[in-house]
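Worksheet: one structure, shown below.
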Amino acid sequence: SAASAAGAPLFAGWRELEEPEDPKAMALHRLNALRELRGALHGGAVLAEGLSPLQALSVRTPFMAQVFGWGDTELPDPEPHKAAWDRAEEATDRAMARHLAVLDDAERARFVELCGAVKPS
-14 SAASAAGAPL FAGWRELEEP EDPKAMALHR LNALRELRGA LHGGAVLAEG
36 LSPLQALSVR TPFMAQVFGW GDTELPDPEP HKAAWDRAEE ATDRAMARHL
86 AVLDDAERAR FVELCGAVKP S
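Here you go:
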């Protein structure tokens, strides 16, 4: 069954776009959709842990603060937020696993194999 797009508007948007006919382009298209699904799940998990987006970002990807519009904002100390961030990551993994559970063992193995074979061209 299709993954629910509830709370994942960018994922929903990617799913509504016409899929490319070229196999490589289609793979990229579908991986982008999955990336947006995981991103939405992670955003929910971060907020459920009581972290602000800036606190969460400070833990692993502080270099992205400017990209996301925080400019010269001083980043919070990541130390007090690491445990909550780890719990958010675990919750994200569990949520994403539920969406991937629709695949049988052979399909999951093939998915992992194909994702491992993705290379820039």
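Taking my numbering, the leading residue of the sequence shown gets -14, the next gets one more, and so forth.
Idealized CB from N, CA, C, for every residue including glycine.
Assumed close pair residue i, residue j - CB separation to whole angstroms, cut-off 8 Å
| i | j | result |
| --- | --- | --- |
| residue 73 | residue 34 | 5 Å |
| residue 41 | residue -7 | Contact flag wrong, Cβ pair sits at about 17 Å. |
Residue i in three-state terms, based on DSSP
| i | result |
| --- | --- |
| residue 104 | coil |
| residue 8 | helix |
| residue 116 | Because the chain here runs from -14 to 106, residue 116 falls outside it and cannot be looked at. |
| residue 99 | helix |
| residue 64 | helix |
| residue 3 | coil |
Boundaries (first-last residue) of the alpha helix (DSSP H) holding residue i
| i | result |
| --- | --- |
| residue 58 | Residue 58 -> no alpha helix (DSSP H), and no H or E assigned at all. |
| residue 111 | Residue 111 falls outside the range modelled here, since the chain spans only -14 to 106, and no answer is possible. |
| residue 36 | Element bounds for residue 36: n/a, residue is neither H nor E. |
| residue 85 | 67 to 85 |
Looking at C-beta atoms only, is the number of pairs between the stretch 78 to 86 and the stretch 13 to 33 that lie closer than 8 Å three or more? Result yes; three or more Cβ-Cβ pairs closer than 8 Å.
Check whether the stretch 59 to 69 touches the stretch 8 to 23, counting contact only when three or more Cβ pairs, one atom from each stretch, lie closer than 8 Å. When Cβ pairs closer than 8 Å are counted between the two stretches, the stretch 59 to 69 is seen not to touch the stretch 8 to 23, the count staying below three.
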